[in-house]
Structures are given as structure tokens and as C-alpha cells.
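Novice: First the structure, then my questions, so here it is.
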Amino acid sequence: MEKNEESHNNEKELLDKVIGLLNPRKRRYHGKDEPQVQEVVFKVENNSELRYVISCLLRLCMSTIDNENELDSPRLPFLSKDDAVITILELVIDILPDDQLDSYDRIEKLLLKE
Numbered sequence: 001m002e003k004n005e006e007s008h009n010n011e012k013e014l015l016d017k018v019i020g021l022l023n024p025r026k027r028r029y030h031g032k033d034e035p036q037v038q039e040v041v042f043k044v045e046n047n048s049e050l051r052y053v054i055s056c057l058l059r060l061c062m063s064t065i066d067n068e069n070e071l072d073s074p075r076l077p078f079l080s081k082d083d084a085v086i087t088i089l090e091l092v093i094d095i096l097p098d099d100q101l102d103s104y105d106r107i108e109k110l111l112l113k114e
């Protein structure tokens, strides 16, 4: 039994060291029944840059939809045009600055209060 316990302790120490070397993304839960998600961050300098990124993604979707041919990617042969557009549109929804826009509405209400 001592050997098993010692082996288990060594494995646990090794696992702790590996976890210490990793730089895991922040994880959070949206709700009780929803799965844990990883937070991925990309940096923008200001709202203009964020608007530019969002507009580029939307233009890419529009041009993909307008294109008669399928999305032919040698790197992603399993990805259909519809899947690509849906993925990009989901990304656009996720990066919309909802909290920031809500705060602007509250500030505007406060400043324009008569």
C-alpha cells in the first residue's frame, strides 16, 4: 500500500507542477445548467478599433454569403460556408460591447436629465 500511496503522491506533485507551468484561460460559468466556458481576450486600442474589427467580420460574412462558390479552404475542408458565417456572426455577438453601451445610456440619461 505504501508504494501505491507514494506513487499517487508523486503523480499529484507532477500534476501540480504541470498545472503551474500552464497559463490557463480564465474560466467561468454562465449559469447552473450551462457548461463552463473559457474566456478569450483580444485587445483593441479604443472603440474605433473595436468597431472596425466588428465591421470587418460583418463584411467578411456578407462577401461569403454573396459568393456563389463554397468556402474552399485546404486547411479546413470540413468547414462549410454556412458554418463559417455562423461562427463569425456568433463571434460578432460575443464581442459587441453591451455593458459599455449600457453604461453610455445611463450616462446620457444622467447628463440629459432635466
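Just so we're aligned: the sequence shown equals residues 1 to 114 in the numbering used here.
We put the beta carbon where it would ideally sit given N, CA and C, even for glycine.
Computed from a prediction, not measured in an experiment: that's the story for all the values here.
Please give the ranges of any alpha helix (DSSP H) in the stretch 32–71, keeping only runs that are unbroken, at least 4 residues long and fully inside the region.
Specialist: For the stretch 32–71, whole alpha helix (DSSP H) runs of length 4 or above, ordered along the chain, are 47–66.
Novice: Are the CB atoms of C56 and I88 within a distance shorter than 7 Å?
Specialist: Working through the sequence shown from its first residue, we reach residue 88 at position 88. Working through the sequence shown from its first residue, we reach residue 56 at position 56. It is not a contact, given that the beta carbons lie outside the stated cut-off.
Novice: Roughly how many angstroms separate the alpha carbons of Y104 and E49, rounded to a whole number?
Specialist: Residue numbering aside, residue 104 sits at position 104 when the sequence shown is read from its first letter. Residue numbering aside, residue 49 sits at position 49 when the sequence shown is read from its first letter. Rounded to the nearest angstrom, the two C-alpha atoms are 18 Å apart.
Novice: Look at the alpha carbon of R51 and the alpha carbon of L101, and state the distance between them as a whole number of angstroms.
Specialist: On the sequence shown, position 51 is the one that residue 51 refers to. On the sequence shown, position 101 is the one that residue 101 refers to. So the two alpha carbons sit approximately 12 Å from each other.
Novice: For the alpha helix (DSSP H) holding S103, just list the boundary residues, first then last.
Specialist: Taking the sequence shown and counting its residues from 1, the one referred to as residue 103 is at position 103. D98 to L112 is the span of the alpha helix (DSSP H), which, as asked, contains S103.
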